[in-house]
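Below is one structure, written out as structure tokens, with a few remarks after it.
There are 2 protein chains.
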Amino acid sequence: MTPARGFERSEYEGRVARAQARMTQAGIEALLLTTEAEVRYFTGYLTRFWESPTRPWFLLVPASGAPIAVIPSIGAELMGQTWIRDIRTWRAPDLEDDGVSLLAETIREIVGDGGIVGLPDGHETHLRMPLADYARLGQAIGKRRLGSDQGILRALRMVKSPAEVEKIRHACGISGRAYARVPEIAREGAPLDEIFRRFQMLCLGEGADWVPYVAGGADQGGYGDVISPARPVPLRRGDVLMLDTGLVWDGYFCDFDRNWSIGPASDAVKSAHAALIESSQAGFAAAKPGATASDIYEAMNAPLMKAGGGTDAGRIGHGLGMSLTEWPSLIPTDHTPIEAGMVLTLEPGISVGSRIIVHEENILVTETGAEWLTTPAPAAIPEI
Amino acid sequence: MTPARGFERSEYEGRVARAQARMTQAGIEALLLTTEAEVRYFTGYLTRFWESPTRPWFLLVPASGAPIAVIPSIGAELMGQTWIRDIRTWRAPDLEDDGVSLLAETIREIVGDGGIVGLPDGHETHLRMPLADYARLGQAIGKRRLGSDQGILRALRMVKSPAEVEKIRHACGISGRAYARVPEIAREGAPLDEIFRRFQMLCLGEGADWVPYVAGGADQGGYGDVISPARPVPLRRGDVLMLDTGLVWDGYFCDFDRNWSIGPASDAVKSAHAALIESSQAGFAAAKPGATASDIYEAMNAPLMKAGGGTDAGRIGHGLGMSLTEWPSLIPTDHTPIEAGMVLTLEPGISVGSRIIVHEENILVTETGAEWLTTPAPAAIPEI
Chain L
8 MTPARGFERS
18 EYEGRVARAQ
28 ARMTQAGIEA
38 LLLTTEAEVR
48 YFTGYLTRFW
58 ESPTRPWFLL
68 VPASGAPIAV
78 IPSIGAELMG
88 QTWIRDIRTW
98 RAPDLEDDGV
108 SLLAETIREI
118 VGDGGIVGLP
128 DGHETHLRMP
138 LADYARLGQA
148 IGKRRLGSDQ
158 GILRALRMVK
168 SPAEVEKIRH
178 ACGISGRAYA
188 RVPEIAREGA
198 PLDEIFRRFQ
208 MLCLGEGADW
218 VPYVAGGADQ
228 GGYGDVISPA
238 RPVPLRRGDV
248 LMLDTGLVWD
258 GYFCDFDRNW
268 SIGPASDAVK
278 SAHAALIESS
288 QAGFAAAKPG
298 ATASDIYEAM
308 NAPLMKAGGG
318 TDAGRIGHGL
328 GMSLTEWPSL
338 IPTDHTPIEA
348 GMVLTLEPGI
358 SVGSRIIVHE
368 ENILVTETGA
378 EWLTTPAPAA
388 IPEI
Chain P
8 MTPARGFERS
18 EYEGRVARAQ
28 ARMTQAGIEA
38 LLLTTEAEVR
48 YFTGYLTRFW
58 ESPTRPWFLL
68 VPASGAPIAV
78 IPSIGAELMG
88 QTWIRDIRTW
98 RAPDLEDDGV
108 SLLAETIREI
118 VGDGGIVGLP
128 DGHETHLRMP
138 LADYARLGQA
148 IGKRRLGSDQ
158 GILRALRMVK
168 SPAEVEKIRH
178 ACGISGRAYA
188 RVPEIAREGA
198 PLDEIFRRFQ
208 MLCLGEGADW
218 VPYVAGGADQ
228 GGYGDVISPA
238 RPVPLRRGDV
248 LMLDTGLVWD
258 GYFCDFDRNW
268 SIGPASDAVK
278 SAHAALIESS
288 QAGFAAAKPG
298 ATASDIYEAM
308 NAPLMKAGGG
318 TDAGRIGHGL
328 GMSLTEWPSL
338 IPTDHTPIEA
348 GMVLTLEPGI
358 SVGSRIIVHE
368 ENILVTETGA
378 EWLTTPAPAA
388 IPEI
């Protein structure tokens, strides 16, 4: 069943309240947010217009009261359809003053002298405004100070609400149906770039709003990497084809892949694929409240090591939600406690000679353990 | 005819040489680049993996010699297929040190004490790395200083090479064929979200690599804005439907739109559309070397004012290339000299009562004047 689009207003009020509780603890008087996911998290402002790098967008979350949008006038109509009522606009682009004065004025209004404005500044974040304007802003806010959000956005976004989970589950379902149809488009002789193109059409046909991410590979007994664009190289017998997609439904991503053998799979490919499935299953079993991200990593890594070793990807899973990849990372050094409501990808990779094979599933952590959001792949690699 | 994918090595060498000439003039010893388009401009590194916000990527362009990539190990294989030979990797994500030490070490190697590392910091740019890591980098490079690139990237990227133009032209052709097929998917009663989905499938079917941007609107006699996602609202007789797309072919965008009237168009809609076409034609005539961006604006704005006024979009055209929108802006205050090789969108908008209608074409500036990259729309709005 298709979930409702958007969220109840209470969803946003809850997010703001949780942010404000943490802000009080951290001594932060306002959050300043500049990226798509951060702005949307508190507002529901959903548009593909972020693809244009021209205009900066700002959202202020004060220590009490509702968020204030400080945005280009082109976005006023759409922002006006969200629950946000305080919307201040300027006519961007303005080469002299692209929103900096308006933003500074708003900050001076809601933050007292000496107060700290917190910005996401840690791992997996960036500031989406010109650096020179950021320096100007620092000057223009007088005795207030631009500082760190101390990980508040990270902490909030890592744990998903039931309504968020339903959107991700729906995205996973769409992608699952598209994967099931890959044998319609992938066969010996079909060029990989054409398969990528047709796979995106399958994703849309099955109900994706858009398809921000498709990657994959195909080569004899494995592939070289998992982030390359497709080339017009025809599939050959003996290739392992992998497609990985992050499609979006109502602003939420899935992120998982599938592998196929073109013709009969070699024993090496068969056992590598089986080891990847064993690794995902081990991750699934380890993903429960009380564990850490590194515990899941260790559980997943053991079968990979036994089977001959991992890849250079740097991690074997991660968070998932409004962005294709989110915190935490499944690596030995990420000791983030796993909580109910987290959505994770399990993404083990394995070396097969000079090639690699990577597998990926999406799961939800519940109070009692993990739940599949994808229909997990069988141990035997499907043959086309 | 489909252009060749990629570029000759000389294309990249030329870009580096032009950057280095400007760096010498500006007293910059290295450029530090962090965003997709900036890194790709000098390397050809093309991947959709930038959709993942997790990992930072760095490219250094020294004052002499070839660029140095400082990137996560997951990208080594693909970067190794470009012309870049000096590729330094770390295993990202690393929660303790996510490439900062490796980057600082490389900067210390190529930049002398007191030397300036230039970063794009102006309009339409941002820094794609965590703010806290940027501060750490500033500490870690000793007596070198992080400063502005003084607009070097902007100046270089604004003027396209013939090979770049052919990619944009090809993207425009794909989109043009998809627009021609819109009557197959848009009719009274068809829900707008389904039209958006099917239009993306048409773009892919006609040869797009991917479709990063689709926006549009449909309402009685015009629409409310041009950046909203589609809702499941059926088209009605009297609606003006607009679809705007930025699809990508080999890493280069088109960005233009088309309007249709569902059923017969009202006189107000007919004359608004005709005024938009008149405005684009005026922009086309004004776009030649010797003019400024503001001259094109003035030429385009006159017919709009005569017809009743513009919109809140903030500009009526912009540059186009590796990003959906690039410098310059067609606004009264952008006095950027127009040069041969610039690719521009002409994007006039007009108010029709409480609604708007926006039209967009793409052009190339040549030594002797403009050339259409799109097949320009006729003055009469097509009726479905």
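Note that the protein sequences, when read in sequence, are chains L and P. First residue of the first sequence: 8, per the numbering used here; consecutive thereafter. First residue of the second sequence: 8, per the numbering used here; consecutive thereafter. Cβ atoms here follow ideal geometry from the backbone N, Cα and C, with glycine treated the same way. Just so we're clear, the structure is a prediction, and the values are computed from it rather than from any experiment.
Y52(L) by DSSP, collapsed to three states: which one? If DSSP states are grouped into helix, strand and coil, Y52(L) belongs with coil.
What is the C-beta distance between V359(P) and A275(P), in whole angstroms, given that I count them as a contact (C-beta under 8 Å)? Rounded to whole angstroms, the Cβ separation of V359(P) and A275(P) is 5 Å, and the two are in contact under 8 Å.
Sorted by chain position, which residues of the same chain lie with C-beta nearer than 6 Å to L209(P)'s C-beta, five sequence neighbours on each side aside? So the list reads A185 and R188, once near-sequence residues are dropped.
What are the partner residues of V247(L), as DSSP defines its beta bridges? DSSP, once it has assigned bridges, lists D226(L) and S268(L) as partnering V247(L).
Between E368(L) and E390(L), what straight-line distance do the alpha-carbon atoms span, to the nearest angstrom? About 19 Å.
Which residue spans inside the region 134 to 220 of chain P form an unbroken alpha helix (DSSP H) run of at least 4? Note on the region 134 to 220 of chain P: whole alpha helix (DSSP H) runs with a minimum of 4 residues are 138 to 147, 159 to 165, 169 to 187 and 199 to 212, in chain order.
Going by DSSP, what residue range makes up the beta strand (DSSP E) through L380(L)? Run containing L380(L): none; DSSP gives neither H nor E here.
For E171(P), which of A387(P), G125(P), V118(P) and T9(P) has the nearest alpha-carbon? The shortest Cα separation from E171(P) among A387(P), G125(P), V118(P) and T9(P) belongs to T9(P).
So that I know if they touch, is there some Cβ in chain P lying closer than 9 Å to that of S108(L)? For S108(L), no CB of chain P lies under 9 Å from its own CB, so it is not counted at the interface with that chain.
Proximity test, Cβ basis, 9 Å: F56(P) and chain L: Judged by the 9 Å Cβ criterion, F56(P) is in contact with chain L.
Range covered by the alpha helix (DSSP H) that runs through P310(P): A300 to K313 is the span of the alpha helix (DSSP H), which, as asked, contains P310(P).
Note down, in chain order, each residue of its chain lying with its Cβ closer than 8 Å to the Cβ of I148(P), except the 5 sequence neighbours on either side. Here the set comprises A111, I114, R115, V118 and V124.
Would you call R55(L) buried or exposed, if buried means 16 or more other Cβ atoms sit within 10 Å of its Cβ? Classified as buried, R55(L) has 16 or more neighbouring CB atoms from the shown chains inside 10 Å of its CB.
Short CB-CB distance (under 9 Å) between V218(L) and chain P: Yes, V218(L) lies at the interface with chain P (some Cβ there is under 9 Å from its Cβ).
Give the residues of chain P in contact with G212(L), contact being defined as C-beta atoms less than 7 Å apart. G212(L) reaches chain P at M208, counting residues in chain order whose Cβ is nearer than 7 Å.
Could you please tell me which residues of the region 79 to 93 of chain P, in chain order, have their CB closer than 7 Å to any CB of chain L? Only P79, S80, I81, G82, A83, E84 and L85 from the region 79 to 93 of chain P bring a Cβ to less than 7 Å from some Cβ of chain L.
Using DSSP's beta-bridge definition, name the partner residues of P79(P). In DSSP, P79(P) forms a bridge with W97(P).
Contact set between the region 184 to 205 of chain L and chain P, restricted to residues whose Cβ is under 7 Å from the partner: Listed by position, the residues of the region 184 to 205 of chain L near chain P (Cβ gap below 7 Å) are R204.
Checking the sheet assignment: what are the DSSP bridge partners for G376(L)? Secondary-structure assignment with DSSP links G376(L) through a beta bridge to T373(L).
Is there at least one Cβ from chain P nearer than 9 Å to V23(L)'s Cβ? For V23(L), not one C-beta of chain P is nearer than 9 Å to its own C-beta.
Would you check whether the ligand SAM has a heavy atom nearer than 8 Å to the C-beta of Q146(L)? The model depicted lacks the ligand SAM and carries no ligand whatsoever.
Within a Cβ cutoff of 6 Å, which residues of the same chain sit near A237(L), ignoring the five residues on either side of it in sequence? For A237(L), where only same-chain residues beyond five positions count, the Cβ hits under 6 Å are L199, D200 and F203.
Can you say whether V240(L) is buried or exposed, counting buried as having 16 or more other CB atoms within 10 angstroms of its CB? Counting Cβ neighbours within 10 Å, V240(L) comes out exposed, since fewer than 16 surround it.
What residue does the alpha helix (DSSP H) around P124(L) start on, and which one ends it? What sits at residue 124(L) in the sequence shown is Val, not Pro. Bounds of any alpha helix (DSSP H) do not take in V124(L); it lies within the beta strand (DSSP E) bounded by I123 to L126.
When the Cα of L250(P) is compared with those of E346(P), F206(P), A28(P) and S361(P), which residue comes out closest? Checked all of E346(P), F206(P), A28(P) and S361(P); the closest Cα to L250(P) is F206(P).
Under 9 Å by beta carbon: chain L residues contacting L53(P): Residues of chain L passing the Cβ test: S235 and P236.
Just to check my reading of the structure: V350(P) and G328(P) have Cβ atoms closer than 8 Å, yes? What is that Cβ distance to the nearest angstrom? Taking C-beta atoms under 8 Å as the contact rule, V350(P) and G328(P) qualify, at a distance of about 6 Å.
For E333(L) and S165(L), believed in contact at Cβ under 8 Å, the rounded distance: According to the sequence displayed, residue 165(L) carries Met and not Ser. That belief holds up - the Cβ atoms of M165(L) and E333(L) are roughly 7 Å apart, short of 8 Å.
Below 8 Å CB to CB, which residues in the same chain sit around D93(P) once its five sequence neighbours on both sides are set aside? Closer than 8 Å at Cβ, skipping near neighbours: A73, P74, I75 and A76.
What separation, rounded to the nearest whole angstrom, lies between the Cα atoms of K174(L) and W379(L)? Going by the C-alpha atoms only, they are around 14 Å apart.
Just to confirm my understanding: we take W267(L), look at its own chain, exclude 5 residues before and 5 after, and list those with CB closer than 6 Å. What are they? If you ignore the 5 residues before and after W267(L), its C-beta comes within less than 6 Å of the C-beta of L248, P389 and I391, all in its own chain and listed in chain order.
Give me the residue from G51(L), L40(L) and A142(L) with the minimum Cα distance to E15(L). Of the listed residues, the one whose Cα sits closest to E15(L) is G51(L).
Less than 8 Å between the CB atoms is what I'm expecting for L254(P) and A197(P), so what's the real figure, rounded? Contact flag wrong, Cβ pair sits at about 21 Å.
Three-state secondary structure assigned by DSSP to E15(P): In the structure shown, E15(P) adopts coil according to DSSP, grouped into three states.
How would you label M312(P), buried or exposed, when you count the other beta carbons within 10 angstroms and need 16 or more for buried? So M312(P) ends up on the exposed side.
Selection from T42(L), G106(L) and S301(L) that minimises the alpha carbon distance to A139(L): Among T42(L), G106(L) and S301(L), the Cα nearest to that of A139(L) is on G106(L).
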